[in-house]
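Student: Protein sequences appear in the order of chains R and C.
First residue of the first sequence: 1, per the numbering used here; consecutive thereafter.
First residue of the second sequence: 1001, per the numbering used here; consecutive thereafter.
Even for Gly, the Cβ is constructed at its ideal location relative to N, Cα and C.
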Amino acid sequence: MKWLFFALALVVPSQAALRFGCSTLSIQRIDPLVEPGKAPSRHLHQIVGGNAFKPNMTGDIGTQGTCTTCTFSEDFSNYWTAVMFFKHANGSYKRVPIMQNTALPNGINGGMTIYYTQQDFNSNGNVKMTAFKPVSVLRPYDK
Amino acid sequence: MVIGSPGAGTKQAVGLKFVCLADKGTRFPELDAFPTSQCRGGIMTVHHFPASVPFLVNF
């Protein structure tokens, strides 16, 4: 029955996902996607990842850096998000501190956690992951 | 890539979720809108790309 055992092994669903932490690289008014080349951009971002980050990014950024704030050094991609502020009753704004993911090893400061997953945990799906392209249309709150 | 307005208090996009943390280990539920009450452990924002993919992360 060795053949049957082998056949069953082939139908076991493969399960894979990638998770890694990235410390804050910088908090800057730069947005290479929505406002490429513009410094300062209209709003603020927290950026993590490789040291090739700049206001106008072209080509495969993942291959252009030499170091990164992420825990995997095989790739120098950047990731960035909006930065949140607390609006005080007196009208002033205070930037909200960013916490690291408690599930990750110590040594990551602020930053974010990046997940690459399959379509679900039992199939590969057909989604090709590519970097975002700069956009040419500004949203109302970007103006 | 458009994932919401900074002043929004309602659901903005399929891929933008918030988790109101009781402590730093809280992972569910993922809320559609920004929390309206205080979150003792902070707020975790989750951006899903592409937004149509089912959500099975947060481990």
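C/Lys1024 versus chain R: which residues are under 7 Å apart at the beta carbon?
Tutor: The count along the second sequence starts at 1 and reaches residue 1024 of chain C at position 24. Going along chain R in sequence order, the residues near C/Lys1024 (Cβ under 7 Å) are Met99, Thr102.
Student: What is the rounded straight-line gap between the Cα of R/Gly110 and the Cα of R/Asn51?
Tutor: As a first step, residue 110 of chain R must be located in the first sequence, where it is residue number 110. As a first step, residue 51 of chain R must be located in the first sequence, where it is residue number 51. So the alpha carbons of these two residues sit roughly 17 Å apart.
Student: Distance cutoff 8 Å, beta carbons only. Does R/Thr130 sit that close to anything in chain C?
Tutor: Within the first sequence, numbered from 1, the residue matching residue 130 of chain R stands at position 130. Not one chain C Cβ lies under 8 Å of R/Thr130.
Student: Helix, strand or coil, according to DSSP, for R/Gly111 in the structure here?
Tutor: As a first step, residue 111 of chain R is located in the first sequence; it is residue number 111 there, counting from the start. Looking at R/Gly111 - three-state DSSP - the assignment turns out to be coil, as it is neither helix nor strand.
Student: Measuring CB to CB, does R/Thr69 end up less than 8 Å from R/Thr24?
Tutor: Here residue 69 of chain R refers to the residue found at position 69 of the first sequence. Here residue 24 of chain R refers to the residue found at position 24 of the first sequence. The answer is yes: Cβ separation under 8 Å.
Student: My assumption, with CB atoms under 8 Å, is that R/Gln118 sits in contact with R/Trp80. Please give the rounded CB distance.
Tutor: As a working note, residue 118 of chain R is residue 118 in the first sequence. As a working note, residue 80 of chain R is residue 80 in the first sequence. Incorrect: roughly 24 Å between the Cβ atoms, too far for contact.
Student: Contact criterion: CB-CB distance below 8 Å. Does R/Lys143 meet it with respect to chain C?
Tutor: Numbered from 1 along the first sequence, position 143 holds the residue referred to as residue 143 of chain R. Reliability fails at R/Lys143, whose pLDDT of 47 lies under 50, so the model's placement of it is uncertain and no value is given.
Student: Is there at least one non-hydrogen atom of the ligand PLP closer than 7 Å to the beta-carbon of R/Val34?
Tutor: Ligands in the displayed structure: none, and consequently the ligand PLP is not present.
Student: Taking the beta strand (DSSP E) that C/Phe1034 belongs to, which residues open and close that run?
Tutor: What you label residue 1034 of chain C is simply residue 34 of the second sequence in a count that begins at 1. Unbroken run through C/Phe1034: none, as it is neither H nor E.
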